[in-house]
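A.B. asks: Got a structure for you, questions after.
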Amino acid sequence: MNNDVIIIGGSFAGLAAALQLGRARRTVTVLDTGLQRNRFASRSHGVLGHDDKPPSDILAAARQQLARYPAIKMVNARADSISGTIDNFSVLTGDSETLRARRLILSYGVVDQMPDIPGFAEGWGTSVIPCPYCDGFEVADQHWGLVWSGAQSMNQVRLFHDWTDRLTVFSNGHDISPDIRTELAARQVPLVDGRIAEIARHG
Numbered sequence: 246m247n248n249d250v251i252i253i254g255g256s257f258a259g260l261a262a263a264l265q266l267g268r269a270r271r272t273v274t275v276l277d278t279g280l281q282r283n284r285f286a287s288r289s290h291g292v293l294g295h296d297d298k299p300p301s302d303i304l305a306a307a308r309q310q311l312a313r314y315p316a317i318k319m320v321n322a323r324a325d326s327i328s329g330t331i332d333n334f335s336v337l338t339g340d341s342e343t344l345r346a347r348r349l350i351l352s353y354g355v356v357d358q359m360p361d362i363p364g365f366a367e368g369w370g371t372s373v374i375p376c377p378y379c380d381g382f383e384v385a386d387q388h389w390g391l392v393w394s395g396a397q398s399m400n401q402v403r404l405f406h407d408w409t410d411r412l413t414v415f416s417n418g419h420d421i422s423p424d425i426r427t428e429l430a431a432r433q434v435p436l437v438d439g440r441i442a443e444i445a446r447h448g
C-alpha cells in the first residue's frame, strides 16, 4: 500500500499529526501497538481541553474524530524495520506486511527504563511518578522521594522544588560526588545512602 505519510506511533503526537495531514487530504497510515507510555496513569494532565481525563478516553475521542477523514487509516501493528529514502520509504510490519510512503513521522515516544527495585514497577504511574509536569500538581507540597540514577538527577532536585520543599534523595548505591552532596545540604535535601530494598505503598 502506498501512502503520502506513514506515522509510527499512534498516541497524542502521532494522532495530532495524522489529523492535520488528513485535513490536507494526504493519505496516511498510522501504525500503533496500543502501548502508550502513559497507559499506567489513571489521568492525563496538561492537554488543553482534556485536562484530568483518562489517557484512554482522550485517545478514544481522538480516534473517533479521525474516523471522518477517509485518507487516514489506523493499523494495529508494530513497525519491525524501515528502509529506503525520501519519496520511497518501506516499512515492514510485525504482520509481515510491507507499507510504502513518501515520508515518515516517528512518534513512538520512549520506553522508561526502571531500576530493579521491588515495588517500583508496581507503583509506576500512581505512587511512582516519572514526570512532575504530568502529575506533580496533584501531589504538590507532599513529601517526595527521588531515586538517584546519576549526576543528571541533580537537575530533578532543582526542578522538584517548584512543587515541594519536602524532598529526600535515595542514592540507591550510586556514588554521589562531594560537590553534589554539598549542594543537597545547602538546599536542605536529606540524602539516604545505600541500596533500596523495596518500595512499599501505604494507603
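The sequence shown begins at 246 in this note's numbering and counts up by one. All residues carry an ideal CB built from backbone N, CA and C; glycine is no exception.
#1: Pick helix, strand or coil for arginine 347, following the three-state DSSP scheme.
#2: Could you compute how far the alpha carbon of leucine 337 sits from the alpha carbon of alanine 324?
#3: For isoleucine 327, collect the residues of the same chain with a Cβ closer than 6 Å to its Cβ; drop the 5 residues on either side in sequence, then sort them by chain order.
#4: What's the C-alpha gap between lysine 318 and valine 273?
#5: For the alpha helix (DSSP H) that asparagine 400 lies in, which residues bound it at each end?
#6: Would you mind giving the Cβ-Cβ distance between asparagine 321 and glycine 279, rounded to the nearest angstrom? I have them listed as a contact below 8 Å.
#7: Applying the 10 Å Cβ sphere with the 16-neighbour rule, what's the burial state of serine 352?
#8: Is serine 287 buried or exposed, if buried means 16 or more other CB atoms sit within 10 Å of its CB?
#9: Taking the alpha-carbon positions, what's the tryptophan 393 to aspartate 297 distance?
#10: Exposed or buried, which one is glutamine 283 when buried takes at least 16 other CB atoms within 10 Å?
C.D. replies: So, from the listed chains and residues:
#1: strand
#2: Each residue's alpha carbon lies about 6 Å from the other.
#3: Val336
#4: 6 Å
#5: 398-405
#6: 7 Å
#7: buried
#8: By the beta-carbon neighbour count (other beta carbons within 10 angstroms, threshold 16), serine 287 is exposed.
#9: 29 Å
#10: Note on residue identity: the sequence assigns asparagine, not glutamine, to residue 283. With 16 or more other CB atoms across the displayed protein chains lying within 10 angstroms of its CB, asparagine 283 is buried.
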